[in-house]
Ligand SMILES: Cc1cc2nc3c(=O)[nH]c(=O)nc-3n(C[C@H](O)[C@H](O)[C@H](O)COP(=O)(O)O)c2cc1C
């Protein structure tokens with residue numbers, strides 16, 4: 144059930160060395176592929192790093208110095224580097240007039256699909272926004288005009304399910320007018 148899946152998904156900050164099957168990674172990628180995006184421009188490219196030597200080199204470049212708070216991600220057997228690709232012309236024009244970076248919304252949807260698919264497969268993940276982008280771009284031959292906005296750590300974890308600390312529904316939503324307190 145969808146409710147069970149979104150409850151099961153949580154950010155994992157410790158990983159077992161167990162490798163992840165390519166077949167499972169492909170299922171996560173297929174889920175990301177199906178995400179909605181403005182004008183269907185699909186402005187994302189996932190680089191899956193599962194080669195152990197490359198992954199170790201990349202992880203230490205990504206998560207050292209000021210980024211050491213995310214060093215837990217070095218344990219994950221897989222890192223997915225999410226490169227932001229150029230949006231379609233229509234999505235860019237729409238975004239310009241709306242003052243909205245549609246490509247970031249698009250990438251967010253794709254990542255959420257990816258990590259929910261991972262959770263369904265019994266995998267754990269953490270969506271990461273704090274990392275050394277410049278060194279990762281060098282290691283992975285990512286062109287200068289591309290950006291890595293997120294990294295996902297992926298693997299197996301034996302962390303137990305935590306309670307989700309979330310703002311109450313009454314605070315994050317309202318019916319019929321902004322902030323309107325109405326009987327639900
Ligand atoms: C855009 C984004 C960036 C994030 N960056 C990090 C990060 O750099 N390090 C980290 O440990 N968690 C990071 N997280 C995970 C959040 O801290 C986590 O989703 C939030 O605290 C809710 O916890 P849960 O994922 O376990 O439900 C990030 C999440 C998002 C959506």
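Numbering (my numbering), first residue to last: 144 to 327.
Ideal placement from N, C-alpha and C gives every residue a C-beta, glycine not left out.
>> For a test of your reading of the model: does the CB of residue 165 fall under 7 Å from any non-hydrogen atom of ligand 1? Yes or no.
In response: The residue labelled residue 165 in the question sits at position 22 within the chain shown. Not under cutoff, so the answer is no.
> Do the stretch 155-174 and the stretch 233-252 touch if we need at least three Cβ pairs shorter than 8 Å?
Replying inline: Flag = no, the stretch 155-174 and the stretch 233-252 do not touch.
> Is residue 172 near ligand 1, going by C-beta to nearest heavy atom under 7 Å?
Replying inline: Numbered from 1 along the chain shown, position 29 holds the residue referred to as residue 172. No, since every heavy atom of ligand 1 falls outside the 7 Å radius drawn around the Cβ of residue 172.
> Would you call residue 256 buried or exposed, if buried means 16 or more other Cβ atoms sit within 10 Å of its Cβ?
Replying inline: Locating residue 256 in the chain shown gives position 113, where the first residue counts as 1. Its Cβ being crowded by 16 or more others within 10 Å, residue 256 is buried.
>> Just to confirm my understanding: we take residue 155, look at its own chain, exclude 5 residues before and 5 after, and list those with CB closer than 7 Å. What are they?
In response: As a position in the chain shown, residue 155 is number 12, starting the count at 1. Once the five neighbours on either side are set aside, the close Cβ partners of residue 155 are 267, 268, 269, 300, 302.
> Should residue 289 be listed as close to ligand 1, given that the test is whether its C-beta is under 7 Å from any heavy atom?
Replying inline: Residue 289 sits at position 146 when you count from the first residue of the chain shown. Remark: the C-beta of residue 289 is outside contact range of ligand 1, defined as less than 7 Å to any heavy atom.
> So residue 159 packs on residue 298, CB below 8 Å; how close in whole Å?
Replying inline: For this step, residue 159 is matched to residue 16 along the chain shown. For this step, residue 298 is matched to residue 155 along the chain shown. In this structure, residue 159 and residue 298 form a Cβ contact; the two beta carbons are roughly 7 Å apart against a cut-off of 8 Å.
>> Would you call the stretch 198-208 in contact with the stretch 222-233, where contact means no fewer than 3 C-beta pairs closer than 8 Å?
In response: Contact between the stretch 198-208 and the stretch 222-233 is present, because at least three Cβ pairs lie under 8 Å.
> Assuming residue 250 contacts residue 187 under a Cβ cut-off of 8 Å, what Cβ separation, rounded to an integer in Å, is found between them?
Replying inline: Within the chain shown, numbered from 1, the residue matching residue 250 stands at position 107. Within the chain shown, numbered from 1, the residue matching residue 187 stands at position 44. Contact between residue 250 and residue 187 holds, with the beta-carbon distance rounding to 5 Å and staying under 8 Å.
> ligand 1 heavy atoms versus the CB of residue 316: any closer than 7 Å?
Replying inline: The sequence position of residue 316 within the chain shown is 173, counting from 1. Distances taken from the Cβ of residue 316 to the heavy atoms of ligand 1 include none shorter than 7 Å.
> Based on the DSSP output, what are the partners of residue 269 in its beta bridges?
Replying inline: Here residue 269 is taken as the residue at index 126 of the chain shown, counted from 1. DSSP, once it has assigned bridges, lists 296 as partnering residue 269.
>> Below 8 Å on the Cβ atoms is my contact criterion, and I expect residue 182 with residue 144 to pass it. Report the Cβ-Cβ distance as a whole number of Å.
In response: Within the chain shown, numbered from 1, the residue matching residue 182 stands at position 39. Within the chain shown, numbered from 1, the residue matching residue 144 stands at position 1. Actually they do not touch by this definition, with Cβ atoms about 32 Å apart.
> Can you list, in chain order, the residues of its chain whose CB lies under 7 Å from that of residue 229, leaving out five sequence neighbours each side?
Replying inline: Translated into the one-based positions of the chain shown, residue 229 becomes position 86. Here the set comprises 186.
> Secondary structure at residue 240, three-state DSSP: helix, strand or coil?
Replying inline: The count along the chain shown starts at 1 and reaches residue 240 at position 97. The answer is helix: DSSP assigns residue 240 an H, G or I state.
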